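> Starting off with a structure, shown below.
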Amino acid sequence: MSVLEIRDLAVSVAGNQILNGVTLTIRSGEVHAVMGPNGAGKSTLSAAIMGKPGYQVTAGTVTLDGADVLAMRTWQRAVAGLHLVMQYPTEVPGVMLQEVLSEALAARGATKKPLDDLIEAEAERIHFDRELVRRAVNVDFSGGEKKRNETLQMAVLQPKIAILDELDSGLDIDALRDCTKRVEDATKETNLGVLVITHYSKLFDELKPDFVHILAKGKIVKSGGPELADVLERDGYAAFA
Amino acid sequence: MTALTLPTIDEEIWRYSRINELDLLRYRDGKAETVVTGADGIQKGAPGIAMMSDPDVFATINGESPQVTALTTPIGGAHPTMVTVTHRITESGVIARPRLVIDAAENSEIVVVERFISDDDIDSLVLPVLEVHAAQAARVTYLVVNELGLKTWQIGHQMAVGERDSTVRLFTVALGGDYARMRAEVRLVGQGASAEQTALYFADGNQMHDFRTLQVHEAPRTHSDLLFKGAVKDTAKSVYTGLIRIAENAGKSEAFQTNRNLTLSSGAWAESVPNLEIETNDVKCSHASTVGPIDDEQRFYLESRGVPPEVAERLVVFGFFEDVIARLPESALLADVRKGVIEKLGVRA
C-alpha cells in the first residue's frame, strides 16, 4: 500500500502564484479526479509534483510513503514510484521507446526480461502500432498514438501512483477508451493509485473515479464522490469559478 | 618551404578560425605513415590529377611535395572491397601533406575510408587534400575519420567534381585534433549529377572544429544535399559556414543545406552561417541552421520516466546524431565512432 500526500501545496510560475494550498491524499488502488476550468492550475499541479523546471514550490509538502518528494530530482521521483502521463508528450528525435524504457528500468535496478516481449504485449493490449515502437519517441505521432505511447510506458514501468494530465486531450474516442481502460485495469492488477486531471467527465466511461475534486483559482474548492462529476456535467464550473 | 603569406581572420573564409595562432616556422618537413588496404589493382603511382581550380595556400603547400595515394577505377567496374587509407602522424614538429586522389571512371563504383590518427602528445600539422573525380554515372562513397590527438592541427581541403549522372557521397566524422579545419567543396558539372555531404563532429576540452562547405551547381538537374551536425562541450568551439551556388545554366537543380549544433556546456561556442547564391529562378533550394543547448522539454520528458540526467543527455545527443549515423556507410569504424561520442560525453555506455 502506497500513499501520495500533498499538503497545502503552493506553486508559482514566473512569479505568478498559481496554486494556493492544495491538499490531496491518494492511496494505492484509488482513482482521484481533479477537475476544473482552464487556468485553475491543473497542469501546474502535475508539473510541480514531478519537479518540472520553472515550477517553484513556495509552500507545502509532497510525500510518497513518507519520503520527501520535493527534495528529490525529477528522475528520482519517477524511480520512487511516480509517473506522469503528459498532456503534450515531448518529441525526442532519434531516441527509441525501447531505449528509454531500458534506461528507466536500469535506474530502478530492474531489468525486465525480455523487455521487447513486454513492450509487444502491452502494445497489443492498447492497440498501439508495433511499428511505432521502433520509431523515435513521439516524433510525428498523432495525438492518439502519443497517448497510447504514454500509457504503454506507464504499464511497463508499473509506478505506484500515476498522474494523468489531461489524458483526454487530442485523441479520438477509440484511443481514449484503450488508454483509460488500461489505467483502470492497472488499479486492479497492480493496485495503481491514480491522480487524473481533466476538464471532462467523458474520460470516466472506462476509468471510474472514487473521488472527484474541483480545483478553481489554485485551491480545491469542493471534494466528493463520482456524483460530483455528474453535477459538473450538468451545471458547468460557473458555481465554482 | 617557400615564402608564403598566411591568411588572416580578416578574410571571410578564415573568420572565426584560429589561423592567427599558426606559426609555420615551428614545423619541419615530415611524413605521415600511410597504409593502404583493399586497393589491389586500382592503386596507381601517378601524381594527382591537379584539378583543384582554386587552391588556398595550404593546398598549395600540400602540392609542393604531396604524399599521393591515387586510386583509379576501370570503366564500368565496381571495386569489390572497401579501400582504407590510414595516415598516422608519429612525430611532433612536422608538417604532413597527404593527398588522396580518387578518379572514378565511367559507370564505376568505389568506397574509400580515410583515417587520420595521432597520439595526444603529437604536436604537428596535417595538411590533407582530397580530390575526387566522378566520371559519367560513376558512384563514389568516401568517409574520412579524424582521430587526431589533442595537440595536432589539421587544415584540409576536399574537392569533388561530379560529371553527368554521377553520385558522390562524402562523409566526415571529426572527433579529434586541437584545431581541425576542412574546406569541403563539390562541383556538379554534368547534368543530373548528385552529391551528398554529411558530417558528424564533436569537440570538447579546448578543441575547435572548423568547416567551410561549398555546393556548386554548374549544370541542369543537379542535386546536392548537405547535413552537418555537431556538438561542443566544455570550452570547445565549432564553426560551420556553407554556401550553395547555383549558376545560371543549372535550372531544375535542387540544393539543400542543414547545419545543426548542440552546445552542451555554457562555455562552449558554435557558429553557423549558411548562405545561398542563386542565379536562376527555376530551382529548389533550402537551408537551415540551429545552435542551442539540449532542449529542456526533451530532458524533462526522459527524466520524468526515471532516466538519470547524464543518461538522458547521452540519449538526446545520440538521438541528435542518429540521422547522420544512419547515413554513414557500413563500416567496422562505426562502433568506434559511437564509442568516441560516448567517451566525450563522459558517461557509461
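First to last, the protein sequences are chains A and B.
Mapping the first sequence onto this note's numbering, position 81 (from 1) lands on 82, and the numbers just tick up by one.
Mapping the second sequence onto this note's numbering, position 216 (from 1) lands on 247, and the numbers just tick up by one.
Every residue, glycine too, gets a C-beta built ideally from N, C-alpha and C.
Predicted, not measured: the structure shown is a model, and the values here were computed from it.
Compare the Cα-Cα distances from Gly67 of chain A to each of A:Val23, A:Leu20, A:Ile7 and A:Phe205 and report the closest residue.
Measuring from the Cα of Gly67 of chain A, the nearest candidate turns out to be A:Ile7.
> Give, in chain order, every residue of the region 338–350 of chain B whose Cβ lies closer than 8 Å to some Cβ of chain A.
Within the region 338–350 of chain B, the qualifying residues are Val338, Pro339, Pro340, Val342, Ala343, Leu346, Val347, Phe349 and Gly350.
> Quick one, which residues of the region 91–115 of chain A are near chain B if we go by CB-CB under 9 Å, in chain order?
Residues Thr91, Glu92, Val93, Pro94, Gly95, Val96, Met97, Glu100, Val101, Leu102, Glu104, Ala105, Leu106, Ala107, Ala108 and Arg109.
> Enumerate, from N- to C-terminal direction, the unbroken beta strand (DSSP E) stretches of 3 or more residues contained entirely within the region 149–213 of chain A.
List check, beta strand (DSSP E) in window: 162–166 and 194–199.
> How far does the beta strand (DSSP E) with Gly61 of chain A in it extend, from its first residue to its last?
Note, Gly61 of chain A: beta strand (DSSP E), Tyr56 to Leu65.
> Do the CB positions of Ser284 of chain B and His248 of chain B come within less than 7 Å of each other?
The answer is yes: Cβ separation under 7 Å.
> Alpha carbon to alpha carbon, how far is Asp60 of chain B from Phe352 of chain B?
Rounded to whole angstroms, Asp60 of chain B to Phe352 of chain B spans 37 Å at the Cα level.
> Taking 6 Å as the limit between beta carbons, can you name the residues of its chain near Asp154 of chain B, skipping five residues before and five after?
The residues are Ser123 and Lys182.
> My guess is that His128 of chain A and Asp179 of chain A are in contact by the Cβ rule of under 8 Å, so how many angstroms apart are they, rounded?
So it is a contact: roughly 5 Å between Cβ atoms.
> Beta-carbon separation of Val14 of chain A and Tyr56 of chain A under 7 Å?
Yes; because the gap between Cβ atoms is below 7 Å, this pair is in contact.
> How many angstroms separate the CA atom of Pro38 of chain B from the CA atom of Asp152 of chain B?
Spanning the two alpha carbons is a distance of roughly 27 Å.
> In chain B, what lies closer than 7 Å to Val80 of chain A by C-beta?
Residues of chain B passing the Cβ test: Gly337.
> Return no unless some Cβ of chain A is closer than 7 Å to the Cβ of Tyr58 of chain B.
For Tyr58 of chain B, the answer is no, since every Cβ of chain A falls outside 7 Å of its Cβ.
> Quick one: Cα of Asp327 of chain B to Cα of Pro340 of chain B, how far?
About 11 Å.
> What does the alpha-carbon distance come out to for the pair Arg379 of chain B and Ile373 of chain B?
Caution applies to Arg379 of chain B, whose pLDDT of 44 falls short of 50 and renders its modelled position unreliable; the model cannot decide the point.
> So which residues of chain B does Ala308 of chain A contact, with C-beta pairs closer than 7 Å?
Since the displayed chain A opens at 2 and closes at 242, residue 308 of chain A lies outside it and no answer follows.
> With DSSP as the reference, identify every bridge partner of Gln189 of chain B, one or two as the case may be.
For Gln189 of chain B, which the question treats as bridged, DSSP gives the partners B:Leu161 and B:Ala215.
> Pull up the distance between the alpha-carbon of Leu98 of chain A and that of Val132 of chain B, whole angstroms please.
Their Cα atoms are separated by approximately 44 Å.
> Please compile the residues from chain B whose C-beta is within a distance smaller than 9 Å of the C-beta of Lys43 of chain A.
Ordered by position in chain B, no residue passes the 9 Å Cβ test against Lys43 of chain A, which lies about 17 Å from the chain.
> What's the C-alpha gap between Leu208 of chain A and Ala226 of chain B?
The alpha-carbon atoms of Leu208 of chain A and Ala226 of chain B are separated by roughly 55 Å.
> What residues are listed by DSSP as bridge partners for Ser320 of chain B?
For Ser320 of chain B, which the question treats as bridged, DSSP gives the partners B:Asn290.
> Distance, Cα to Cα, Leu258 of chain B vs Arg291 of chain B?
Approximately 8 Å between the Cα atoms of the pair.
> Can you tell me whether DSSP reads Gln99 of chain A as helix, strand or coil?
If DSSP states are grouped into helix, strand and coil, Gln99 of chain A belongs with the helices.
> Grouping DSSP H, G and I as helix and E and B as strand, with all else coil, what is Lys16 of chain B?
Nothing about residue 16 of chain B can be read from this structure; chain B reaches only from 32 to 380.
> With distance defined between alpha-carbon atoms, name the residue in A:Gly194, A:Glu190, A:Arg126 and A:Leu216 nearest to Ala176 of chain A.
With distances taken between Cα atoms, Ala176 of chain A lies closest to A:Arg126.
> At a cut-off of 6 Å, is Arg28 of chain A close to the ligand PLP when judged by its beta-carbon and the heavy atoms of the ligand?
In the structure on display, the ligand PLP does not appear, and there are no ligands present to speak of.
> Does the beta-carbon distance from Lys375 of chain B to Asp150 of chain B come in below 7 Å?
Against a cut-off of 7 Å, the Cβ pair of Asp150 of chain B and Lys375 of chain B comes out as no contact.
> Strictly under 7 Å for the Cβ-Cβ distance: is Leu165 of chain A near chain B by that measure?
False, the Cβ-Cβ gap to chain B never drops below 7 Å.
> Tell me whether the region 107–114 of chain A and the region 187–206 of chain A touch, counting them as touching only if at least three CB pairs, one residue from each stretch, are closer than 8 Å.
Touching, no.
> How would you call Glu164 of chain A, buried or exposed, if buried means at least 16 neighbouring beta carbons within 10 angstroms?
Looking at the sequence shown, residue 164 of chain A is not Glu but Ile. That one is buried.
> Take Asp206 of chain A as the anchor and find which of A:Leu20, A:Ala34, A:Ala105 and A:Glu121 has the nearest alpha-carbon.
Nearest C-alpha to Asp206 of chain A: A:Ala34.
> Taking the beta strand (DSSP E) that Met51 of chain A falls in, what are its first and last residues?
Run containing Met51 of chain A: none in the beta strand (DSSP E); it sits in the alpha helix (DSSP H), Lys43 to Met51.
> What's the C-alpha gap between Glu334 of chain B and Ala108 of chain A?
Their backbone Cα atoms lie some 11 Å apart in a straight line.
> Suppose contacts are defined by Cβ-Cβ distances below 7 Å. Is Gln189 of chain B in contact with Leu231 of chain B by that definition?
No, the Cβ-Cβ distance between Gln189 of chain B and Leu231 of chain B is not below 7 Å.
> Tell me whether the beta-carbon of Asp173 of chain A lies closer than 7 Å to the beta-carbon of Gly145 of chain A.
Cβ distance < 7 Å, so Asp173 of chain A and Gly145 of chain A count as in contact.
> Figure out for me which residue from A:Thr26, A:Ala124 and A:Val96 has the closest Cα to the Cα of Asn139 of chain A.
Looking at the Cα atoms, A:Val96 is the closest of the given residues.
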